[in-house]
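Structure record follows, encoded as structure tokens.
Have a look at this one:
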């Protein structure tokens, strides 16, 4: 079984590739119900965790999932793969500690660079088309290597994307992210651009947006927002902004070029 969380599709793509190669089922963490018991892994089945990096840490939804996880992992090969636009810092160390606290041993850890999607700081924007395609191509090559390791249930921990200051990024800046930048309070909609298509409410992984077809989006301000920017990136008319930080910035989700025709349909 492969547990995954994805907002803009990068991690979903990687998890799907692993599922296709291993024949093991995908389980969406954002649809997890802590009150409903999980099916336990079959004999010999691998257990994978795939997630993006948020503020040089595992996403809060993933950490909460691990905290509530009731799963027998003894005798099973356990691996984790994180995706990031640039660097991962101590993300995998933090995740491994979370697993350890639940009595789960991590046998292998991997990281993939994928197109950038975080746009919540002044100096951060999506990648240009050429860099985006290069990252996707390189990630496919890397993932093929990782897949072979996972299929053979090998121990592996080579993480080339830690960055120059992993401790500073994950501990100091990561703490700022959690305290001040993971919030829906800065999201707002430009009514002159919004066509009330409901896409933003549909793609929000934590259902933090009231709306739907025929309604402008309204954020719930209930502390569930992950600031994953799924709503921002999927808006076909760039009608959603995050304060002033996203003005004139680009949008990205995996395979977004194939969906450009949606803009014509929603005019």
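In this note's numbering, the protein residues as written are 403 to 669.
In this text, a Cβ means the ideal position worked out from N, Cα and C, and glycines have one as well.
Bridge pairing for residue 454: 485 [DSSP]. Relative to residue 656, the option among 413, 559 and 614 whose CA is nearest is 413. No residue range can be given for residue 408, since it is assigned to no beta strand (DSSP E) and is classified by DSSP as neither H nor E. Exclusion of the five residues before and after residue 649 leaves 643 as the residues of its chain whose Cβ lies within less than 8 angstroms of its Cβ. Between residue 561 and residue 511, the beta carbon gap of about 6 angstroms places them in contact (Cβ cut-off 8 angstroms).
Cβ contact annotation for residue 632 (same chain, cutoff 7 angstroms, sequence separation greater than five): 409, 410, 605, 606 and 607, in chain order.
Rounded to the nearest angstrom, the gap between the Cα atoms of residue 495 and residue 489 is 14 angstroms. Residue ranges of uninterrupted alpha helix (DSSP H) with 4 or more members are absent from the segment 547-597; none lies entirely inside it.
Taking every protein chain shown into account, the CB of residue 519 has 16 or more other CB atoms within 10 angstroms, so this residue is buried.
For residue 601, same chain residues with a beta-carbon under 7 angstroms away, outside a window of 5 residues either side, are 636, 637 and 638 in chain order. Separation of the CB atoms of residue 481 and residue 450 is rounded to 5 angstroms, and the pair is thereby assigned contact status at 8 angstroms. Taking C-beta atoms as the reference points, residue 623 and residue 586 count as a pair closer than 8 angstroms. Assigned with DSSP and collapsed to three states, residue 470 falls in helix.
Inside the segment 587-646, DSSP marks whole alpha helix (DSSP H) runs of 4 or more residues at positions 601-605 and 632-636, from first to last along the chain. The distance from the Cβ of residue 497 to that of residue 460 is about 5 angstroms, consistent with a contact at the 8 angstroms cut-off. Excluding the 5 residues flanking it on each side, residue 571 has same chain C-beta neighbours closer than 8 angstroms at 458, 489, 491, 492 and 565, in chain order. Judged by DSSP secondary structure, residue 497 falls within the alpha helix (DSSP H) whose first and last residues are 493-503. Bounds of the beta strand (DSSP E) holding residue 429 are 428-430.
Per the C-alpha coordinates, the member of 548, 654 and 521 positioned closest to residue 645 is 521. If you look at residue 510, you'll find it in the beta strand (DSSP E) that goes 510-515. DSSP, read as helix, strand or coil, puts residue 464 in helix.
Only buried fits residue 478, as 16 or more other CB atoms lie within 10 angstroms of its CB. DSSP places residue 538 in the helix class (H, G or I) of the three-state scheme. Here the alpha carbon of residue 487 sits roughly 11 angstroms from the alpha carbon of residue 513. Going by C-alpha positions, residue 543 is about 33 angstroms away from residue 583. For residue 509, the closest of 472, 551, 603 and 610 by C-alpha to C-alpha distance is 551.
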